[in-house]
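Chains as they are written, first to last, in our numbering: chain A, 34 to 481; chain B, 292 to 815; chain C, 20 to 140.
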């Protein structure tokens, strides 16, 4: 077996050194009832050729985004990732290292995390950021739990623009932890509606911009209302590229900014692994979940980096930890940071503008389709349209023509009564010819 | 005050001369100093060439970001050099043994990386029509089949994103099952003192109170203590098996029986499944839920701290409460039920994250499983256990095994009693290992052993590499006992940096780079 | 000065007790990097959590050695947690508590008894 270096002779010699006769002697503590003599009922080992053949066969049965016209967003976006990113993250020293618990021999990872934290803080306009969480949705749930710790209140109010899967994720965790939630009805442009729901028990208000329908909102007024009631404002963003064009959560008064970082440096990967960005005001740092990397010096006075404020974490604080998170998204954070370093502010702003430009072109093309109504008033790179037919059916029809048309809202929330709403996105990878073709096929599909 | 943890030095003692020749630049041969990206003067640079973009549409008036963001850019050659220089300051499993107990640092096959990058896996969207991702769904179904077969469990929830997330999933399923049965009053979780920190943290996160179970002198769960603490208030026990002392819980079947008799569920922390995969099925031990760290047992890379994946296998009693999405196989192929309460997932407790979990990790783990097969995986467990026992046998005369009697499983645990009187601590010893080219073992965990050193070699080390490691530890042990404390107290001397001042980092946290404030203008 | 088995100390002046952690405890913790002291007005019962003290690798709850109302927390520890290491049994005090049951103090150990207790650890 190519991954196992021991030879049969080695094994015999080693058993001798241990002083036992057979490998079974090392498993004597396993109860007799649970010992198994033979192999389990699964195929036996296979060489690279066979494994590649099997895997390639499965991969071929998926229609990848790059194969043709593709307009899905709703929390995951197809962006171009520079070749350098994938090359660097596959270097042994990044790919095959562990969490940097021994800082003297992990400065590579630690400096990257320090740079990542600084980049995330700058992008979100916040004071401090952590070293990543699993993804945007779990980050949003962690933010709600953090708001509970900060305010010692037990209610979260969520706008109707928050991604429904994020709401479900938050509800799952919050309800188990004794935090009640109030989700406003799904609405294209109604972030401000949360203001009316804020009361003296409210720990936090969760809003999203651009929201799940693509609507961009200045949430400054919501921040003011939340703060006046002693609640925190959590601003969620699922498309991190939008930070290059739009006002940051920090500028608008957010206390905690949470984002899905997949858009920068990371592929679609059918939903994961992604990388959760988590930033907040400095005064809340001791209530933050996840790892933090900080600057210090070594015995010779040289600058170095270490994981710090670890007493918040599970391995020290155990049942009083701020979160149970251990493994996070280190390598995805590295990919994010490399891509961000390549872009720089100049590149990010250009990339963001380009995304918006493509989405405007898509909007103009789809607006011209008879029976199609554009719902989103102000958007970054995605928006919602209303179709004269069931959106899921239309998507299925268009897939038959080679067009992946977007995400039917019913896929996210079947009970919202928005079965005719389709979420569509464009990025820098979208071709004008794809937009034209999409509009043409859509015209046929909804005109029948 | 509670003294649940023993403090240890977290700031270096006074700098002592490494005895080396300092270079003029601070670079040392292949090891280059590297500034932060913010110090490379790239404020107007970019390393990507994009088409010119039009000015934003007027719809966004008043919503645009006016102020500078503060992000430097690097050209491609500068970026490559920056990250390559940084990379050379990291230890890695590809470089040498990485014996972190409980972490399972094994070789990461490159075939798995290649497979995960097939566009059919890496470039598909979680919400594109299910008819266009049948291969991905089939892969998830096959992975589920392998996990269920290897564990002897009837169901699996794939979506948790890491071990701790899996624990959360398991406890939420247990909680839902209790509530469905009218047992919502059960709010206590029992866990041994030796448990991973994630166990009590997870239990507390879902509103459970944690009560510790005592341990016997031979490093196992104390059955009498467990029995005395079980009762109508207990929701679950959380037991790691093989446990964090590297020992198989001999009485695990009885532990399960007592737990079930008390109306509680048995959550097994599967972090150490690597020791028994292919040889023991947790389902045969009475387990109700167990997470499997794909980044441990099934070799997906640790990536400097993630991403991982933590699918949870579930017993019949818990299966109905698994979170969405649920994968189903119908006449038209595979499909997913994506929302709790929908037809087909009426009793699901909710959702763990926005999408379907860590597909990129599923692909790698499945490629690994196919490569090893049922026979290879069994050999994995056997070689992992053999390697750990070999290390224990070869070091037991110079170090002190915490549990000398009987075999260990995949990791060997030592305490620091053999260092008594030398003036060298576990921490010092670990730092000296760095100078000898090895990553230290897990230190000061589990908490039940004083000055714990937990060594997990994994099955992907050759006998030659184990012998090199053993030789290095024997030499160090000899030096410590011979009074060569200088070698330890100031270590490491040969790493990219010397010991770091963690006290300063925690007292005055600097968590991001900030521009140096402009010097105030001199008074005219 | 009186002591508890949980390594807190108490000094009483009038009806106010000043409390802190012992030199032994401070040394066991290692470098103290953060202290969360109670706010004035909080009432505590003997044995309840009073404060939190953290070193880099450990976080510990400090229990109230006596019952009463907190009249002052040591605000200086916020900026200078190292005082707990430097002056554990004087300047590194955590809180002043107005005693509600002065008899509790008498039941605590004196220094000899505490030192004898430490010798058993």
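Ideal placement from N, C-alpha and C gives every residue a C-beta, glycine not left out.
These numbers were taken from a predicted model, which means no experiment stands behind them.
Our two residues, residue 197 (chain A) and residue 358 (chain A), have alpha carbons roughly 23 Å apart in a direct line.
Any Cβ of chain A closer than 8 Å to the Cβ of residue 101 (chain C) would place that residue at the interface, and such an atom is absent. Residue burial annotation: residue 168 (chain A) is buried, with at least 16 other C-beta atoms found within 10 angstroms of its C-beta. Fully enclosed beta strand (DSSP E) runs of no fewer than 3 residues are not present anywhere in the region 637 to 704 of chain B. Between residue 560 (chain B) and residue 487 (chain B), the CB-CB gap stays under 8 Å.
Note on the region 388 to 445 of chain B: whole alpha helix (DSSP H) runs with a minimum of 4 residues are 401 to 407, 410 to 413 and 425 to 442, in chain order.
Excluding sequence positions up to five before and after residue 405 (chain A), its CB lies within less than 8 Å of the CB of 399, 418, 419, 420, 421, 475 and 479, all in the same chain and listed in chain order. Along the region 788 to 806 of chain B, going in chain order, the ones with a CB nearer than 7 Å to a CB of chain A are 788, 789, 790, 791, 792, 793, 795, 796, 797, 800, 801, 802, 803 and 804. For residue 465 (chain B), the enclosing alpha helix (DSSP H) has its first and last residue at 454 to 471. In the three-state DSSP reduction, residue 123 (chain A) falls in the coil class, being neither helix nor strand.
Secondary structure at residue 278 (chain A): coil, using DSSP grouped into helix, strand and coil. At a cut-off of 8 Å between C-beta atoms, residue 133 (chain C) does not count as an interface residue with respect to chain B. Taking C-beta separations shorter than 7 Å and ignoring five residues to either side along the sequence, the partners of residue 491 (chain B) in its chain run 482 and 501, following chain order. By the beta-carbon neighbour count (other beta carbons within 10 angstroms, threshold 16), residue 51 (chain A) is buried. Exposure of residue 466 (chain A) is indicated by the presence of fewer than 16 other C-beta atoms within 10 angstroms of its C-beta. Our two residues, residue 740 (chain B) and residue 693 (chain B), have alpha carbons roughly 7 Å apart in a direct line. Following the DSSP letters along the chain, one finds residue 365 (chain A) inside the alpha helix (DSSP H) bounded by residues 363 to 400. Against chain A, a Cβ distance below 9 Å from residue 76 (chain C) picks out 343, 344 and 349.
8 Å or more divides the Cβ of residue 453 (chain A) from the Cβ of residue 414 (chain A). Listed along chain A, the residues sitting closer than 7 Å to residue 73 (chain C) by beta-carbon distance are 344. Segment contact: the region 93 to 112 of chain A against the region 434 to 444 of chain A, three or more CB-CB distances shorter than 8 Å; contact assigned.
As for any beta strand (DSSP E) of minimum length 3 sitting wholly inside the region 308 to 364 of chain A, the runs are 309 to 313, 326 to 330 and 336 to 340, ordered along the chain. For residue 49 (chain C), the residues of chain B that pass the 7 Å Cβ criterion are 298, 299, 300 and 301, in the order they occur in the chain. Residue range 454 to 458 is occupied by the beta strand (DSSP E) that includes residue 455 (chain A).
Among the bridge pairs identified by DSSP, residue 774 (chain B) is matched with none.
In this structure, the beta-carbon distance from residue 341 (chain A) to residue 364 (chain A) does not fall below 8 Å. A distance below 6 Å between beta-carbons, with the five flanking residues on each side excluded, links residue 380 (chain B) to the following residues of its chain, in chain order: 787.
Straight-line spacing of the CA atoms in residue 289 (chain A) and residue 321 (chain A) works out to 10 Å. CA-to-CA, the gap between residue 329 (chain B) and residue 319 (chain A) works out to about 26 Å. One alpha carbon belongs to residue 101 (chain C), the other to residue 42 (chain C), and they sit about 13 Å apart.
With respect to chain B, the C-beta atom of residue 116 (chain C) has no partner C-beta closer than 8 Å. In the displayed model, residue 581 (chain B) falls within a strand according to three-state DSSP. Annotation for residue 470 (chain A): the continuous alpha helix (DSSP H) segment containing it runs 465 to 480. When secondary structure is reduced to three states using DSSP, residue 553 (chain B) falls in the coil class, being assigned neither helix nor strand. Below the 8 Å Cβ cutoff, chain C contributes 25, 26, 27, 40, 44, 72, 79, 80, 81 and 82 as neighbours of residue 292 (chain B), in chain order. DSSP places residue 709 (chain B) in the helix class (H, G or I) of the three-state scheme.
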